[in-house]
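> I'd like to ask some things about the structure below.
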Amino acid sequence: MSIRLGDEAPNFTAETTEGTIDFYDWKAGHWAVLFSHPADFTPVCTTELGRTAALKSDFEKRNVKAIAVSVDPVESHRGWAPDIAEVGGTELNFPIIADSDRKVSQLYDMIHPGEGDTSTVRSVFIIDPKNKVRLTLTYPKSVGRNFTEIVRVIDALQLTDAAPVSTPVDWTPGDRIIVSPAMSTDDARQRFEDVEEVRPYLRWARQPVS
Ligand code: BEZ
53 MSIRLGDEAP
63 NFTAETTEGT
73 IDFYDWKAGH
83 WAVLFSHPAD
93 FTPVCTTELG
103 RTAALKSDFE
113 KRNVKAIAVS
123 VDPVESHRGW
133 APDIAEVGGT
143 ELNFPIIADS
153 DRKVSQLYDM
163 IHPGEGDTST
173 VRSVFIIDPK
183 NKVRLTLTYP
193 KSVGRNFTEI
203 VRVIDALQLT
213 DAAPVSTPVD
223 WTPGDRIIVS
233 PAMSTDDARQ
243 RFEDVEEVRP
253 YLRWARQPVS
């Protein structure tokens, strides 16, 4: 099943390194980063899961919970955890789903047979507190993901949910934002700071610091 932006993220029950979870119950009220990796005890995956553990406080500040998935069994995930801790410098502090029956992987279309075998590729789903899918990324097995980008996108999603704005190319927090085309420049000047009209459809602005 292919999952599109705005779709309801499918719920599931799964065995994880932190016991059996119901996904919706586990994430209740939070954003979630659900991401797959091809296999345990592999180099790129070890760096990615180590980085995710190190980002725990950055995720918490943003009301985000991370959860990984691969088709390896839970004993394998548990055996791998010390390597993740050593490489990432932080104990494994988020659940890894043991998807041996490929239930979650198939639900989220994480297995792409053209990529070699029936393990999962590097998929990422960012899911909001209402269980809507807000971002998808799919990387090949040989290319590690950029978790700084994942945090940046969460910042952008939370910002653009809260105000009539968009984020421009290469935006990072603190940069100028773009005023929504639905808002007049006069209204934008009331709401934002340093409004600059470059084109009638392109207005830069700064959000007032609250
Ligand atoms: C890795 O994590 O290093 C990896 C896993 C599967 C295929 C290629 C690389």
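Take the position in the sequence shown, starting the count at 1, then add 52; the result is the number in this note's numbering.
Glycine is no exception: its CB is placed at the ideal position from the N, C-alpha and C atoms.
Nothing here was measured: the structure is a model prediction, and the numbers come from that model.
1) How is GLY71 classed by DSSP in three states: helix, strand or coil?
2) From GLU167 to PRO260, what distance separates their C-alpha atoms?
3) Runs of 4 residues minimum, wholly inside the region 100 to 173: which ones carry the alpha helix (DSSP H) assignment?
4) Since THR65 sits in a beta bridge, which residues does DSSP pair it with?
5) With the ligand BEZ as the reference, list in chain order each residue whose Cβ lies under 6 Å from any of its heavy atoms.
6) According to DSSP, is THR224 helix, strand or coil?
7) Could you tell me how far apart the beta carbons of LEU57 and THR188 are, in whole angstroms, since I believe they sit closer than 8 Å?
Inspection of the coordinates gives the following:
1) Sequence index remark: in the sequence shown, residue 71 carries index 19 (1-based). Residue state, collapsed to three classes: strand.
2) For the purposes of this step, residue 167 is taken as the residue at position 115 of the sequence shown. For the purposes of this step, residue 260 is taken as the residue at position 208 of the sequence shown. About 47 Å.
3) 108 to 113, 126 to 140, 155 to 159
4) In the sequence shown, counting from the first residue as 1, residue 65 sits at position 13. Partner(s): ASP74.
5) PRO90, ALA91, THR94, PRO95, VAL96, CYS97, LYS193, SER194
6) The residue labelled residue 224 in the question sits at position 172 within the sequence shown. THR224: coil per DSSP, three-state reduction.
7) For the purposes of this step, residue 57 is identified with residue 5 of the sequence shown, where counting begins at 1. For the purposes of this step, residue 188 is identified with residue 136 of the sequence shown, where counting begins at 1. Sure, about 7 Å apart at Cβ, within 8 Å.
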